[in-house]
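Here's the structure we're looking at; comments come further down.
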Amino acid sequence: DAGVIQSPRHEVTEMGQEVTLRCKPISGHDYLFWYRQTMMRGLELLIYFNNNVPIDDSGMPEDRFSAKMPNASFSTLKIQPSEPRDSAVYFCASSYGVGIGELFFGEGSRLTVL
Amino acid sequence: SQQGEEDPQALSIQEGENATMNCSYKTSINNLQWYRQNSGRGLVHLILIRSNEREKHSGRLRVTLDTSKKSSSLLITASRAADTASYFCVSRTSGTYKYIFGTGTRLKVLA
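Protein sequences appear in the order of chains L and F.
The opening position of the first sequence corresponds to residue 96 in our numbering, with each subsequent residue numbered one higher.
The opening position of the second sequence corresponds to residue 40 in our numbering, with each subsequent residue numbered one higher.
Below, the structure is given as structure tokens:
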């Protein structure tokens with residue numbers, strides 16, 4: 096398996112623009128997580144899904160953030176409108192719920208909002 | 040914030056020495072895991088310890104868990120330059136699949 100695939104790896108955008116980050120989890124995994132990593136706040140859990148259904152979105156910072164999982168092989172995290180304080184590395188991770196629950200991470204999407 | 044804390048924040052040791060990192064968490068947990076992150080990369084799972092376990096070994100790694108103190112430690116023995124990375128503890132909140140990361144320890148192993 097190719098592992099968790101995220102795109103884009105790097106994104107530079109202007110304040111106010113819409114940003115869409117994408118994630119393809121490992122086939123067969125039924126949990127998908129979105130994390131944000133910054134120097135100031137470390138790794139924060141934004142939202143997680145089980146079988147494509149959002150379970151806990153309490154970490155989503157504002158209404159400007161939204162996440163969807165239309166099917167088992169694809170998820171998006173959208174920021175609209177983007178602000179400079181959204182600059183961070185966004186990680187997607189997937190897991191198989193039955194078993195030890197090890198998280199498998201993608202390489203991350205580094206977002207810079209100017 | 041539910042985020043756990045780790046100490047030290049940074050650790051610099053010589054190759055061959057042991058490295059110990061400590062982690063505290065805030066909620067009741069199902070299990071606690073340790074992950075490693077090389078600079079600019081994603082995180083990789085190292086080891087998991089369940090809430091009913093006190094100690095676990097895997098190669099050069101030893102993890103302990105004290106649920107009464109809500110704390111864990113990771114020991115890396117005979118460290119190598121390739122162990123240079125950031126290390127995070129991750130607690131899985133009981134009854135959920137919510138994984139909460141600690142603040143991380145940056146380990147530097149000098150050759």
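Just so it is clear, CB atoms sit at the ideal spot from N, CA and C, and this is done for glycine as well.
Around L/Tyr126, the beta-carbon contacts reaching into chain F at under 8 Å are Tyr136.
Contact of F/Arg101 with chain L is not assigned, every C-beta pair being separated by 8 Å or more. Against chain F, the beta carbon of L/Glu106 has no neighbour under 9 Å; the closest one sits roughly 15 Å away. At a cut-off of 8 Å between beta carbons, L/Gly137 contacts chain F.
For the pair L/Asp125 and L/Gly192, the CB atoms are nearer than the 8 Å cut-off.
Given a length threshold of 3 residues, each whole run of the beta strand (DSSP E) inside the region 78 to 144 of chain F is given here in chain order: 82 to 89, 94 to 97, 100 to 105, 110 to 115, 124 to 132, 138 to 140. Excluding residues up to 5 positions away in sequence, Val99, Pro120, Ile121, His124, Leu127, Phe199 lie with their Cβ nearer than 6 Å to the Cβ of L/Ser189 in the same chain. L/Pro179 sits in a helix when the DSSP states are folded into three classes. Restricting attention to F/Ser133, F/Gly43, F/Ser118, the CA atom closest to the CA of F/Trp73 is found in F/Gly43.
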